[in-house]
Amino acid sequence: MKLGCLLVLFLFYSEDAAMLRPYLHFEPPKVLQIAENQQPSLQLTTVIIGQKYCRGDADLDGVRLNLRLRFTNINKQPIILYKGISNVSAIMIRRHTEGKVVGPFIVKSSLTLVNTGRKVRVKSSSLGEMFVILQSGESFETETITGTFVTRDKSSQIAGAVNPGEYALQIEIPTWPESNYLAVKYKHQWKPKGDLWSNPVVSQPMLFNVAEQRKIEDCP
Numbered sequence: 378m379k380l381g382c383l384l385v386l387f388l389f390y391s392e393d394a395a396m397l398r399p400y401l402h403f404e405p406p407k408v409l410q411i412a413e414n415q416q417p418s419l420q421l422t423t424v425i426i427g428q429k430y431c432r433g434d435a436d437l438d439g440v441r442l443n444l445r446l447r448f449t450n451i452n453k454q455p456i457i458l459y460k461g462i463s464n465v466s467a468i469m470i471r472r473h474t475e476g477k478v479v480g481p482f483i484v485k486s487s488l489t490l491v492n493t494g495r496k497v498r499v500k501s502s503s504l505g506e507m508f509v510i511l512q513s514g515e516s517f518e519t520e521t522i523t524g525t526f527v528t529r530d531k532s533s534q535i536a537g538a539v540n541p542g543e544y545a546l547q548i549e550i551p552t553w554p555e556s557n558y559l560a561v562k563y564k565h566q567w568k569p570k571g572d573l574w575s576n577p578v579v580s581q582p583m584l585f586n587v588a589e590q591r592k593i594e595d596c597p
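The numbering of the sequence shown is the working numbering, which starts it at 378 and goes up by one.
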């Protein structure tokens, strides 16, 4: 069966959900550990603007979430942010019960991103075209699509998938499309304009619900 739910999430197409699962790694990458431990000056919040359930394999379906991303500068100094950010590099999900986020992460997975498009080239002249300068309190918004595997009933226990219920979702978004060398170079060169942000950003927890009775679609 086709699994269209996570097409944009993985940036390539899979004919069979069983082929897609190996690309989920359930150990967090080092960048994720760094991003979680820091106290960022750039805050990321997410809002669901679309949700659908997509047909999967014999055991699982997928939930696809269209998200609006809002990056807010909560520092006193200007932040320079790449405007092309949209890829999700990690997903973290915890249970949400009685108005609280509880327990450890039940999904904490890094995603393999395959980009077949034109490589981004950042140059000295790219500041005004490819980047936005956020003054203190200002925000930049964009959209992305992500998702996860979901079971068909509450009794199933499958690693990397969530049962029907309420959850809190966090995602990690890479913010720099080039090498670390160029990040250091332009951070110094553009310093009079603001602080070039190149670290991944982890979003604030966002509530979402996985329905037990749901409409399943053959997602394109």
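Each residue gets a CB set at the ideal place from its N, CA and C atoms; glycine is no exception.
Since this is a predicted model, take the numbers as computed values, not measurements.
Can you tell me the Cβ-Cβ gap for residue i and residue j, rounded? I've got them flagged as a contact below 8 Å.
i, j, result
"residue 576", "residue 513", "With 8 Å as the limit, residue 576 and residue 513 do not qualify as a contact, their Cβ atoms being about 18 Å apart."
Suppose the cutoff is 7 Å on Cβ atoms and the five residues either side in sequence are ignored; what does the same chain contact list for residue i look like?
i, result
"residue 553", "459, 560 and 575"
"residue 591", "430"
"residue 427", "443"
"residue 533", "540"
"residue 506", "none"
Please identify the residue among the options whose C-alpha is closest to the C-alpha of residue i.
i, options, result
"residue 547", "470, 589, 448 and 438", "470"
"residue 537", "440, 417, 428 and 427", "440"
"residue 461", "597, 448, 468 and 501", "448"
"residue 475", "584, 593 and 497", "584"
"residue 496", "597, 556 and 524", "556"
"residue 579", "432, 597, 468 and 433", "468"
"residue 522", "504, 465, 569 and 591", "465"
"residue 501", "565, 434, 526 and 595", "565"
"residue 545", "534, 529, 525 and 535", "525"
If we call anything under 7 Å between Cβ atoms a contact, is residue i one with residue j?
i, j, result
"residue 438", "residue 430", "yes"
"residue 573", "residue 558", "no"
"residue 571", "residue 417", "no"
"residue 478", "residue 582", "yes"
"residue 567", "residue 504", "yes"
"residue 593", "residue 445", "no"
"residue 508", "residue 457", "yes"
Suppose the cutoff is 6 Å on Cβ atoms and the five residues either side in sequence are ignored; what does the same chain contact list for residue i look like?
i, result
"residue 543", "473 and 586"
"residue 531", "540 and 541"
"residue 463", "519 and 521"
"residue 515", "450"
"residue 452", "418"
Near residue i, which residues of its chain fall below 8 Å by C-beta distance, leaving aside the five closest residues on each side in sequence?
i, result
"residue 481", "471"
"residue 588", "430 and 541"
"residue 527", "430, 437, 438, 439, 440, 538, 539, 540, 541 and 587"
"residue 535", "436, 437, 526 and 528"
Next on the checklist: Within 8 Å, do at least three Cβ pairs link the region 423 to 438 to the region 479 to 486?
Outcome noted: no
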